[in-house]
Amino acid sequence: MTLRAPANGIEIAYEIFGSPEARPLLLITGLGCQMIQWDDRFCELLADRGYRAVRFDNRDSGESTHLDEAGTPALDGSGEVPYLLDDMADDAAGLLDALGWDTAHVVGLSMGGMIAQSLAIRHPHRVRSLTSILSTPSPQAALLTDPDVLMPAFTPDRESAVRRALDNCAAVGSPGYPFDREWNAEIAGVGYDRSYDPAGTARQVAAIMASGDRAPRLRELAIPALVLHGEDDPLVPLPAGVATADAIPGARLMTFPGMGHDLPAELWPTFVDAIDELTTSADSGR
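Under full-length UniProt numbering, the sequence shown has 234 at position 234, and the numbering climbs by one with no breaks.
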């Protein structure tokens, strides 16, 4: 069931997996993505391991607030940027407030990893542990220097949008694992029905490009951290994951051959095991 909460001056749509007494874990999704791209089955794996996992729509995606009045920003560095990743991190902190969570384990995917990093920097006392997946400490550490790579083209109808989404997913997906075309098509269709907003994605791209390098601030963290990265990621290449792990003191880096810019179902048990090991260690040291 989708719930809604005020956070940082906007409204955030979110869903919960797991029992109220379980350990709190916040899942932050990526650019132009909606919370449904954290697969239900993956969320249920986390719930089965004793987590109260919350996934949510970032601002300008899904059923959370869209800043339509901000229009479509220029992505060439000119003009005003409506917000930064720091603002999106404050959205996440506001959601923690609404959930009644003083602290939580935080897992971020792609742009969600960037937001998670910013959350840990800005609100270190709120983050029990940080897991950064397929992410980067700065646009310059990845292929994100070309914003056109990140932007979905406007499509005139649902069928075209789903087809383009499938093409994009296949292009950046994991060459060493089967492509789940049926699931990706379903998620693309449901996502289109929930919210189709290329201008909102452009505002998120602008936030990434304008947010700069987090590495100097990440070096000041004293938070248990895990970095998961695909060795065959064509969008945020492996050196970006290495740079993330190098920037966070004591971070553990795990890399996976054949994994691209997605989360192959075959690796979910490994991911959950690694996250559980990190969070258990973090909680035992509290």
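All C-beta atoms in this analysis are idealised placements derived from N, C-alpha and C, irrespective of residue type, glycine included.
Measure the C-alpha to C-alpha separation of residue i and residue j and round it to an integer number of angstroms.
| i | j | result |
| --- | --- | --- |
| Gly30 | Arg41 | 18 angstroms |
| Thr189 | Gln37 | First, the amino acid is wrong: residue 189 is Gly here, not Thr. Looking at the two C-alpha atoms, the distance is approximately 12 angstroms. |
| Ala104 | Met111 | 19 angstroms |
| Cys33 | Glu159 | 18 angstroms |
| Val272 | Leu45 | 7 angstroms |
| Gln117 | His123 | 10 angstroms |
| Asp283 | Arg128 | 7 angstroms |
| Met259 | Asn168 | 15 angstroms |
| Asp157 | Asp213 | 37 angstroms |
| Pro239 | Trp101 | 34 angstroms |
| Ile16 | Asp276 | 18 angstroms |
| Leu235 | Gln140 | 12 angstroms |
| residue 287 | Ile208 | A question about residue 287 goes unanswered here, because the residues of the chain that appear run from 1 up to 286. |
| Gly173 | Arg163 | 15 angstroms |
| Asp39 | Pro264 | 11 angstroms |
| Leu95 | Asn8 | 8 angstroms |
| Asp86 | Arg59 | 12 angstroms |
| Pro224 | Thr155 | 42 angstroms |
| Gly200 | Thr279 | 33 angstroms |
| Gly191 | Gln204 | 17 angstroms |
| Gly18 | Ser138 | 33 angstroms |
| Tyr177 | Ser211 | 33 angstroms |
| Arg252 | Arg219 | 14 angstroms |
| Leu270 | Ser78 | Leu is not the amino acid found at residue 270; the sequence shown has Thr there. Going by the C-alpha atoms only, they are around 43 angstroms apart. |
| Ala171 | Pro237 | 14 angstroms |
| Asp197 | Ser61 | 7 angstroms |
| Ala243 | Thr136 | 7 angstroms |
| Asp233 | Arg4 | 33 angstroms |
| Ala274 | Gly285 | 17 angstroms |
| Ile10 | Thr65 | 6 angstroms |
| Ala161 | Ser281 | 43 angstroms |
| Arg49 | Thr131 | 16 angstroms |
| Pro257 | Ala98 | 39 angstroms |
| Arg126 | Asp246 | 22 angstroms |
Report all residues from its chain with a CB closer than 7 angstroms to the CB of residue i; omit the five preceding and five following residues, and keep chain order.
| i | result |
| --- | --- |
| Ala202 | Thr72, Pro73, Leu75 and Met151 |
| Glu63 | Thr2, Ala13, Asp57, Arg194 and Ser195 |
| Leu166 | Arg181, Asn184, Ala185 and Ala188 |
| residue 289 | A query on residue 289 cannot be resolved here, the shown segment of the chain reaching from 1 to 286 and no further. |
| Trp268 | Phe42 and Leu45 |
| Glu266 | Tyr177 |
| Val81 | Pro73, Ala206, Ala207 and Ala210 |
| Ala70 | Pro82 and Arg203 |
Give me whichever residues DSSP pairs with residue i in a beta bridge.
| i | result |
| --- | --- |
| Tyr177 | Answer is none; Tyr177 lacks a bridge partner. |
| Pro6 | Glu11 |
| Pro24 | Arg52 |
| Ile16 | Val54 |
Output needed for residue i: all residues of its chain with C-beta closer than 6 angstroms, excluding positions within five of it in sequence on either side, in chain order.
| i | result |
| --- | --- |
| Thr255 | His229 and Glu231 |
| Ile133 | Leu109, Gly113 and Leu228 |
| Tyr83 | Ala207 |
| Gly241 | Val227 and His229 |
| Asp262 | Gly173 and Ser174 |
| Ala89 | Ile115, Ser118, Leu119 and Arg122 |
Spatial neighbours of residue i within its chain, please: CB distance less than 8 angstroms, with the 5 preceding and 5 following residues excluded, ordered by chain position.
| i | result |
| --- | --- |
| Ala222 | Pro124 and Pro249 |
**Report entry** Ordered list of alpha helix (DSSP H) runs contained in the stretch 192 to 261, each at least 4 residues
**Finding:** 198 to 210, 215 to 218 and 238 to 247
Subject >> Contact between the stretch 14 to 30 and the stretch 43 to 57 (3+ Cβ pairs under 8 angstroms) >> reply: yes
request  = Output the residue ranges of the alpha helix (DSSP H) runs that lie fully inside the stretch 94 to 145 and measure 4 residues or longer, sorted by chain position.
outcome  = 111 to 122
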